[in-house]
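J.: Heads up: the protein sequence lines correspond to chains A and B, in order.
Just so you know, we're using the numbering used here here: the first sequence kicks off at 1 and counts up by one.
Just so you know, we're using the numbering used here here: the second sequence kicks off at 1001 and counts up by one.
There are 2 protein chains.
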Amino acid sequence: MANIRDVARLAQTSVATVSAVLNNSDPVSPALRARVLHAIQELNYHPSAVARSLSTRKTCTIGLVMPYILTPTAPPFIRAVEEEVTNAGYSLLLALSDGDPQREREMMELMAQKRVDGLLISAGPSWDDKTADQIEALQASGTTRIVFAARRSERPKNLDAVVSDNRNGAFAATSHLLDLGCTDIALLALPALGLNERDRILGYELAHRERGLIPRPELRRWGSTSQSPDGIALAQATTRDLFTLERPPDAIFVCNQTMVLGVLQALGELRLDVPGDVALVCFDDAPWLQHLPVPITAVSQRPDLVGRKAARLLLHRLRGDAEAAPPRVEIVPTELVIRESSAGRARLAGAGRAATATARAEQVLEN
Amino acid sequence: MANIRDVARLAQTSVATVSAVLNNSDPVSPALRARVLHAIQELNYHPSAVARSLSTRKTCTIGLVMPYILTPTAPPFIRAVEEEVTNAGYSLLLALSDGDPQREREMMELMAQKRVDGLLISAGPSWDDKTADQIEALQASGTTRIVFAARRSERPKNLDAVVSDNRNGAFAATSHLLDLGCTDIALLALPALGLNERDRILGYELAHRERGLIPRPELRRWGSTSQSPDGIALAQATTRDLFTLERPPDAIFVCNQTMVLGVLQALGELRLDVPGDVALVCFDDAPWLQHLPVPITAVSQRPDLVGRKAARLLLHRLRGDAEAAPPRVEIVPTELVIRESSAGRARLAGAGRAATATARAEQVLEN
DNA sequence: CTGAAAGCGCTTACAG
DNA sequence: CTGAAAGCGCTTACAG
Chain A
1 MANIRDVARL AQTSVATVSA VLNNSDPVSP ALRARVLHAI QELNYHPSAV
51 ARSLSTRKTC TIGLVMPYIL TPTAPPFIRA VEEEVTNAGY SLLLALSDGD
101 PQREREMMEL MAQKRVDGLL ISAGPSWDDK TADQIEALQA SGTTRIVFAA
151 RRSERPKNLD AVVSDNRNGA FAATSHLLDL GCTDIALLAL PALGLNERDR
201 ILGYELAHRE RGLIPRPELR RWGSTSQSPD GIALAQATTR DLFTLERPPD
251 AIFVCNQTMV LGVLQALGEL RLDVPGDVAL VCFDDAPWLQ HLPVPITAVS
301 QRPDLVGRKA ARLLLHRLRG DAEAAPPRVE IVPTELVIRE SSAGRARLAG
351 AGRAATATAR AEQVLEN
Chain B
1001 MANIRDVARL AQTSVATVSA VLNNSDPVSP ALRARVLHAI QELNYHPSAV
1051 ARSLSTRKTC TIGLVMPYIL TPTAPPFIRA VEEEVTNAGY SLLLALSDGD
1101 PQREREMMEL MAQKRVDGLL ISAGPSWDDK TADQIEALQA SGTTRIVFAA
1151 RRSERPKNLD AVVSDNRNGA FAATSHLLDL GCTDIALLAL PALGLNERDR
1201 ILGYELAHRE RGLIPRPELR RWGSTSQSPD GIALAQATTR DLFTLERPPD
1251 AIFVCNQTMV LGVLQALGEL RLDVPGDVAL VCFDDAPWLQ HLPVPITAVS
1301 QRPDLVGRKA ARLLLHRLRG DAEAAPPRVE IVPTELVIRE SSAGRARLAG
1351 AGRAATATAR AEQVLEN
């Protein structure tokens, strides 16, 4: 493959001049520039970004390390990050850790060796201190700017972060159910390993506490993060089990979309009516949730905004404008989109639990 | 940041030796190796992959250029690619063109400049000759090995490719509906820009032709690739329109998941029963499709296998084992998963179109 | 405006 | 086993 010297030779000039026309760094006479451009064409020359990076000590590459891509929020998140990064003239190096802390660390080390200019990290649910130490060392070495995106962790402290408002989303969902008069709200939670998961549980509890209530412990159940049939089956079994309680729930707050399918299946088998017998709210929205026979109330997230803001924050730091500004944690609002699976209950209360309602309510509450 | 010379100095040896312990390329005495390792620790040294790449002329990086990530098949595809690539010691550079040929070309040029060892390309729906020329030049320059993945194109010829069996998937779906006695099968197609889209239409037509039938032209409608509410609304409007025909369809083959929501919405409004009045088959499967009140028959794809095989093929070429072997086109089979939305019709035929069926059939036909 | 040369941080014969 | 040196392909003062 041709290099810059070949081009210089063919254009009868020096490599410095070729470099100048390549980067518009120095003025070059039109005639010479034309000769150079022609030589580039002729030789099918593609300047080596590798050599350029070695020389400039910048790779124009952003790394993104995240645990999963098979979640509903991952694709729009990645899409937004990629868009921002590309528009700023950077490339995106993607690494998926599958939630394995060991892999997470290896991937971060690799990103460091590849000398990415910035690193976007979505902390896996099993994020540990060893990983945090590594991040701190990386950050301290001063070569790579780091921002938590979508999933942060308490360690390291002093790291920029952009995440969804999980707590208020769960708080709004739970408050909504309480407002509707539900008294026994089951929580189908995700293993509380990460901050996101814990914040959803916290929101559920705060909504109760605010009214001087304490949710019954037996109503809190653990689901699975798995997007596969296992996740569905577990939610189904758990729901069945909830209705063997002496005092079964009159509402269920489900912490992810996959589990909703299992819950609905179980409720169908038990011939329980939504929302007549049980109100339902889901964390995270999707088109199909609103096109079900009984549209499901959902906490809608904006993973695209999370990605966009995280990328912009990182890029902003990289430009050096805010090099040493104090770390910033941005919380992207979530929205409660109220649909029949919960709202129908208000009407039913008036009508003394008439037949399955058909009218569709769709209001939006912003946090 | 410390470099290899700093390490050599601290360990009181030469850079060649440090390099040797870093790469296990040459035997080094245990004592010296320990000194080197200690110096590396001490200096928090991360060898520069950039410098290494310049020297070795290999970046251990694979590029992936694809149009969309917001489709149901993209995430499992990317996941599999990333996994294979990572396990082979490579990194993944991801670029999303959004289907814009201009961007597609810029991204490919950038990948070339970054000197990726291999390139996985998912041809956008608007793939044009200019892009094909560029690919050919890239391939000819001999630095980057290229494989079409998930979406190929007729040009350039002689390129490795791994794609889903769109044609047979559509063929199986249509044949299944014809076998059930459907005579007027509407096709809700996607704009026929890419090979994938055209193959689905082709499969629909071949199934008819095999029986000496020719589908009525007014039953073929164009939907949208959009995953947004627009895509749903268009499918909804189109479905309504289909039932203003003098002779409306008794089955609909829908070419993607998003459109199914619009179709179901329209059928609901028209108070048409699935599968009693209209049988329904969807290209591409999803968990929620089988948990709907009437589970939907679907052509199930294996985007993960497509990604895995494409990555492996590329990696295999890179290892040089099959450097110059003739190009290979792998077609990954699709499966028809038969559910109530079509299978129910067989039973109804027997029962003289009784009330909505409730039994669930789930068989699998392999192509 | 243009050109010769040092330097970015590695690897890899090559000589000892 | 170990060390000095050239080379990978750029950029960037620096001198003309």
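Just so it is clear, CB atoms sit at the ideal spot from N, CA and C, and this is done for glycine as well.
Flag this pair as yes or no: are the beta carbons of Ala-1173(B) and Val-1299(B) separated by less than 8 Å?
T.: Within the second sequence, residue 1173(B) is the residue found at index 173, counting from 1. Within the second sequence, residue 1299(B) is the residue found at index 299, counting from 1. It is a contact, given that the beta carbons lie within the stated cut-off.
J.: Beta-carbon separation of Gly-63(A) and Ala-11(A) under 8 Å?
T.: Locating residue 63(A) in the first sequence gives position 63, where the first residue counts as 1. Locating residue 11(A) in the first sequence gives position 11, where the first residue counts as 1. Going by C-beta atoms, Gly-63(A) is not nearer than 8 Å to Ala-11(A).
J.: Where do the ends of the alpha helix (DSSP H) carrying Met-1313(B) lie?
T.: On the second sequence, position 313 is the one that residue 1313(B) refers to. With the sequence shown as reference, residue 1313(B) is identified as Leu, and Met is not the correct amino acid for it. It spans 1303-1319 - the alpha helix (DSSP H) in which Leu-1313(B) sits, taken as one unbroken run.
J.: Going by DSSP, what residue range makes up the beta strand (DSSP E) through Phe-1243(B)?
T.: For the purposes of this step, residue 1243(B) is identified with residue 243 of the second sequence, where counting begins at 1. Neither: Phe-1243(B) is in no beta strand (DSSP E) and is coded neither H nor E.
J.: Quick check on Pro-1329(B): buried or exposed, where buried means 16 or more other Cβ atoms within 10 Å of its Cβ?
T.: What you label residue 1329(B) is simply residue 329 of the second sequence in a count that begins at 1. It is Val, not Pro, that sits at residue 1329(B) in the sequence shown. Flag for Val-1329(B) reads exposed.
J.: Out of curiosity, what's the CA-to-CA distance linking Asp-1277(B) and Leu-1187(B)?
T.: For the purposes of this step, residue 1277(B) is taken as the residue at position 277 of the second sequence. For the purposes of this step, residue 1187(B) is taken as the residue at position 187 of the second sequence. Cα to Cα, the separation comes out at about 16 Å.
J.: In three-state terms, what does DSSP make of Ala-1325(B)?
T.: For this step, residue 1325(B) is matched to residue 325 along the second sequence. Coil at Ala-1325(B), not helix or strand.
J.: In the segment 293-320 of chain A, which residues sit with their C-beta less than 9 Å from some C-beta in chain B, listed in chain order?
T.: Residues passing the 9 Å Cβ filter: Pro-293.
J.: Can you tell which of Arg-1220(B), Leu-1219(B), Leu-1190(B), Asp-1241(B) has its C-alpha closest to the C-alpha of Ser-1226(B)?
T.: Position 226 of the second sequence, counted from the start, is the residue given in the question as residue 1226(B). Of Arg-1220(B), Leu-1219(B), Leu-1190(B), Asp-1241(B), the residue nearest in Cα terms is Leu-1190(B).
J.: Using a 10 Å radius around the Cβ and a threshold of 16 neighbouring Cβ atoms, would you call Asn-1166(B) buried or exposed?
T.: Stepping through the second sequence from its first residue, residue 1166(B) is reached at position 166. The residue is buried, with at least 16 neighbouring Cβ atoms inside 10 Å.
J.: At a CB-CB cut-off below 9 Å, which residues of chain A make contact with Lys-1130(B)?
T.: As a first step, residue 1130(B) is located in the second sequence; it is residue number 130 there, counting from the start. Correct list: empty, because the minimum Cβ distance to chain A is about 15 Å.
J.: Between the beta-carbon of Gln-265(A) and the beta-carbon of Arg-339(A), is there less than 8 Å?
T.: Indexing the first sequence from 1 puts residue 265(A) at position 265. Indexing the first sequence from 1 puts residue 339(A) at position 339. Result no, Cβ atoms of Gln-265(A) and Arg-339(A) do not sit closer than 8 Å.
J.: Might you give, ordered along the chain, the residues of its own chain that have their beta carbon closer than 6 Å to the beta carbon of Ala-1002(B), omitting 5 neighbours on each side?
T.: Within the second sequence, residue 1002(B) is the residue found at index 2, counting from 1. Leu-1043, Tyr-1045.
J.: Could you round the C-beta distance between Asp-273(A) and Gln-301(A) to whole angstroms and report it? I think they count as a contact, below 8 Å.
T.: On the first sequence, residue 273(A) is found 273 positions in, with the first residue counted as 1. On the first sequence, residue 301(A) is found 301 positions in, with the first residue counted as 1. Contact flag wrong, Cβ pair sits at about 28 Å.
J.: Using Cβ-Cβ distances below 9 Å, what residues of the segment 24-49 of chain A are close to chain B?
T.: Listed by position along the chain: Asn-44, His-46, Pro-47, Ser-48, Ala-49.
J.: Kindly identify the DSSP beta-bridge partner or partners of Thr-61(A).
T.: Here residue 61(A) is taken as the residue at index 61 of the first sequence, counted from 1. For Thr-61(A), which the question treats as bridged, DSSP gives the partners Ser-91(A).
J.: Are the beta-carbon atoms of Val-281(A) and His-176(A) separated by less than 8 Å?
T.: Sequence index remark: in the first sequence, residue 281(A) carries index 281 (1-based). Sequence index remark: in the first sequence, residue 176(A) carries index 176 (1-based). Cβ distance < 8 Å, so Val-281(A) and His-176(A) count as in contact.
J.: For Ser-1019(B), which residues in the same chain have their Cβ closer than 6 Å to its Cβ, ignoring the five residues on either side in sequence?
T.: Here residue 1019(B) refers to the residue found at position 19 when the second sequence is read from its first residue. The answer is none, since no qualifying residue turns up.
J.: CA-CA distance, Val-15(A) and Ile-4(A)?
T.: Taking the first residue of the first sequence as position 1, residue 15(A) is located at position 15. Taking the first residue of the first sequence as position 1, residue 4(A) is located at position 4. Whole-angstrom Cα-Cα distance: 6 Å.
J.: Going by DSSP, what residue range makes up the beta strand (DSSP E) through Arg-220(A)?
T.: Residue mapping note: residue 220(A) aligns to position 220 of the first sequence, counting from 1. Looking at the DSSP string, the run of the beta strand (DSSP E) that includes Arg-220(A) is 220-222.
J.: Please state the DSSP three-state secondary structure of Leu-190(A).
T.: Here residue 190(A) refers to the residue found at position 190 of the first sequence. It is coil, neither helix nor strand.
J.: Take Glu-1362(B) and list the residues in its own chain whose beta-carbon comes closer than 6 Å to its own, dropping the five residues that flank it on each side.
T.: Within the second sequence, the letter at position 362 stands for residue 1362(B). With a pLDDT of only 47 at Glu-1362(B), under the threshold of 50, the placement of this residue in the model should not be trusted; the figure read from the coordinates follows. Within the same chain, Glu-1362(B) has close Cβ partners Arg-1339.
J.: What are the start and end residues of the beta strand (DSSP E) that includes Ile-121(A)?
T.: Here residue 121(A) refers to the residue found at position 121 when the first sequence is read from its first residue. Segment 118-121, the beta strand (DSSP E) holding Ile-121(A).
J.: Against Lys-1157(B), what residues of chain A qualify as contacts under a CB-to-CB distance less than 9 Å, listed in chain order?
T.: The sequence position of residue 1157(B) within the second sequence is 157, counting from 1. Neighbours of Lys-1157(B) on chain A: none; closest Cβ ~20 Å, over 9 Å.
J.: Give the DSSP bridge partners of Glu-1330(B), in chain order.
T.: Residue 1330(B) sits at position 330 when you count from the first residue of the second sequence. Looking at the DSSP assignment, Glu-1330(B) forms a beta bridge with Val-1162(B).
J.: Who are the Cβ neighbours of Arg-1221(B) in its own chain at under 6 Å, not counting the five residues just before and after it?
T.: Taking the second sequence and counting its residues from 1, one reaches residue 1221(B) at position 221. If we look at Arg-1221(B) and ignore the five residues flanking it on each side, its Cβ neighbours are Leu-1188, Thr-1238.
J.: Could you give the DSSP three-state label for Thr-1297(B): helix, strand or coil?
T.: Looking up residue 1297(B) in the second sequence gives position 297. Reduced to three states, the DSSP call for Thr-1297(B) is strand.
J.: Which class does Ala-354(A) belong to by DSSP, given the choice of helix, strand or coil?
T.: As a position in the first sequence, residue 354(A) is number 354, starting the count at 1. Low confidence applies to Ala-354(A): its pLDDT is 39, below 50, so where it sits in the model is not reliable, and the reading given next is rough at best. Here Ala-354(A) sits in coil by DSSP.
J.: With DSSP as the reference, label Val-21(A) as helix, strand or coil.
T.: Translated into positions along the first sequence, residue 21(A) becomes position 21. Helix, per DSSP.
J.: From this set, Ala-137(A), Leu-70(A), Pro-229(A), Gly-268(A), which residue's C-alpha is nearest Phe-243(A)'s C-alpha?
T.: Here the question's residue 243(A) lines up with position 243 in the first sequence. Measuring from the Cα of Phe-243(A), the nearest candidate turns out to be Gly-268(A).
J.: State the DSSP-derived secondary structure class of Met-1107(B), mapped to helix, strand or coil.
T.: Here residue 1107(B) is taken as the residue at index 107 of the second sequence, counted from 1. Three-state result, Met-1107(B): helix.
J.: Would you be able to state if there are at least three C-beta pairs under 8 Å between the segment 1023-1042 of chain B and the segment 1068-1084 of chain B?
T.: The segment 1068-1084 of chain B vs the segment 1023-1042 of chain B: no contact.
J.: Which whole-angstrom value describes the C-beta separation of Val-163(A) and Ala-311(A), a residue pair presumed to lie in contact below a C-beta threshold of 8 Å?
T.: By one-based count along the first sequence, residue 163(A) stands at place 163. By one-based count along the first sequence, residue 311(A) stands at place 311. Going by Cβ atoms, the distance from Val-163(A) to Ala-311(A) rounds to 14 Å, so no, they are not a contact pair.
J.: Can at least three beta-carbon pairs, one atom from the segment 112-130 of chain A and one from the segment 1132-1141 of chain B, be found at a separation below 8 Å?
T.: No: the two stretches stay apart, fewer than three of their Cβ pairs being nearer than 8 Å.
J.: From what residue to what residue does the beta strand (DSSP E) around Ile-1214(B) run?
T.: For the purposes of this step, residue 1214(B) is taken as the residue at position 214 of the second sequence. Element bounds for Ile-1214(B): n/a, residue is neither H nor E.
J.: Take the Cβ of Gln-236(A) as the centre, count every other Cβ of all protein chains shown within 10 Å, and call the residue buried at 16 or more, exposed below.
T.: Locating residue 236(A) in the first sequence gives position 236, where the first residue counts as 1. With 16 or more Cβ atoms within 10 Å of its Cβ, Gln-236(A) is classed as buried.
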